[in-house]
Amino acid sequence: MALTVMLLNGASFCGGCCRHKVLLSLLGPFLSNSKLYSSYRRPGAEPEKKLSWQNADFSFKKGIDHLKTQLSLLKKETQDYLLGPGGHPLSQHVLEQTSVLWQFRSQEDLNKWVISSDEEIGGKSKVYLKLGRNNQAALLYGTLNTEVPRDGETKYSGYCSMRSRPAVGSFKRKKYYDWSNFNSLYLRVRGDGRPWMVNIYTDPYFSHQKDDLYSYFMFTRGGPYWEEIKIPFSKFFFSSRGRVQDNQHPVWLDKASFLTLGFTIGDKVDGPFQLEIDFIGLLKDRAHREEFAYEAYDKNTPV
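So the sequence shown is numbered by the numbering used here: it starts at -4 and just counts up by one.
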């Protein structure tokens, strides 16, 4: 224990951008009930003077349990890899026409998603997530409020979102989705007539790419009936930090989002909203031949 504390104290002399990263990756399984990463801090708020690791509860027993869990996951991943892509035989994978990524039938399914709103920046929008009637769908609901917080920094407000948790393999390794066998996103939803943005978050290679995402619109019609929505991946456009980029390119389906999928509402209309989601899946539409819907050109065309 003394050696661990000494190492953490020594790591504090490193730069703020890399402080504790190596040690936390090694000691993470031995920490329980601790907040190792600082949450959002509003402009003008005082930073916490106490280091985050000083609130950690070191637990050797939980570390051993965590190791056993990760070894069992590694065993299952190895078996699936030897069997074929996604744990299915290669012949079945090649002929697969549809695949369900997420469906909502229990609280465990909801725990795979996180919700957020402009409350993180001082806004007043509210968002909630629960199981729908008869535990047959996820119900995302809340209230949108476009009032800008009076902090002198924020200029825009009024959004709510739902985003799937990052997929990780054994020992917290990055786990990528391979969607190259499909060409469309397929959803069964029931909304209230308000538009949503569907976002695909990819794994950034450089730090300045962490805000890059691919997006497309989803228009719900309202009413009591469910609707099935098909969105070809060729329709998703590339943006960064909320701005559509001139240099467009299709999403890489063989590395489709370590940071996964998300839904955002921000139509600048104050009031309640709700969206029910039955399932989210993939579809291979053989009638869809479009590779990319947007013009790709060189911004700096030589004269």
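Backbone N, C-alpha and C fix where the C-beta goes; we use that ideal spot for every residue, glycine too.
Cα-Cα separation between residue i and residue j, rounded to whole angstroms
i: Leu277; j: Val239; result: 25 angstroms
i: Arg281; j: Leu248; result: 16 angstroms
i: Val246; j: Lys56; result: 43 angstroms
i: Tyr292; j: Phe233; result: 14 angstroms
i: Lys70; j: Thr215; result: 42 angstroms
i: Gln204; j: Gly137; result: 30 angstroms
i: Ser20; j: Asp187; result: Confidence at Ser20 is low in this model, with a pLDDT of 45, below 50, so its placement is unreliable and no value can be given for it.
i: Ile226; j: Lys279; result: 11 angstroms
i: Leu77; j: Tyr200; result: 28 angstroms
i: Gln65; j: Lys167; result: 8 angstroms
i: Leu31; j: Ser165; result: Annotation note: pLDDT 39 at Leu31 (below 50); position unreliable, no value reported.
i: Arg236; j: Asp206; result: 5 angstroms
i: Ser210; j: Asp198; result: 15 angstroms
i: Val264; j: Pro84; result: 49 angstroms
i: Ser111; j: Leu139; result: 12 angstroms
Residue i burial status per 10 Å Cβ neighbour count (16 or more: buried)
i: Glu290; result: exposed
i: Glu223; result: exposed
i: Trp191; result: buried
i: Glu142; result: exposed
i: Lys150; result: exposed
i: Arg185; result: buried
i: Trp221; result: exposed
i: Ile275; result: buried
i: Ser175; result: exposed
i: Asp113; result: buried
CB-CB length for residue i against residue j, believed under 8 angstroms
i: Pro161; j: Thr255; result: 6 angstroms
i: Leu208; j: Tyr196; result: 5 angstroms
i: Ala133; j: Ile260; result: Not confirmed; about 15 angstroms, so no contact.
i: Arg158; j: Trp108; result: 7 angstroms
i: Gln269; j: Leu135; result: 7 angstroms
i: Gln74; j: Arg100; result: Wrong, their Cβ atoms sit about 26 angstroms apart, outside the cutoff.
i: Pro144; j: Ser156; result: In fact, because the Cβ distance is near 17 angstroms, the residues do not count as touching under 8 angstroms.
Continuous alpha helix (DSSP H) stretch holding residue i: start and end
i: Leu208; result: Leu208 -> not in any alpha helix (DSSP H); beta strand (DSSP E) instead, spanning 207 to 214.
i: Thr64; result: 55 to 78
i: Asp273; result: Premise fails: Asp273 lies in the beta strand (DSSP E), 266 to 278, not in any alpha helix (DSSP H).
i: Leu248; result: First-last for Leu248: undefined, no H or E at that position.
Range of the contiguous beta strand (DSSP E) that encloses residue i
i: Ile226; result: 222 to 227
i: Gln98; result: 93 to 98
*Would you call the stretch 117 to 131 and the stretch 89 to 96 touching, i.e. three or more CB-CB distances under 8 angstroms?*
no
_Count Cβ pairs between the stretch 97 to 106 and the stretch 118 to 138 that sit closer than 8 angstroms; are there 3 or more?_
yes
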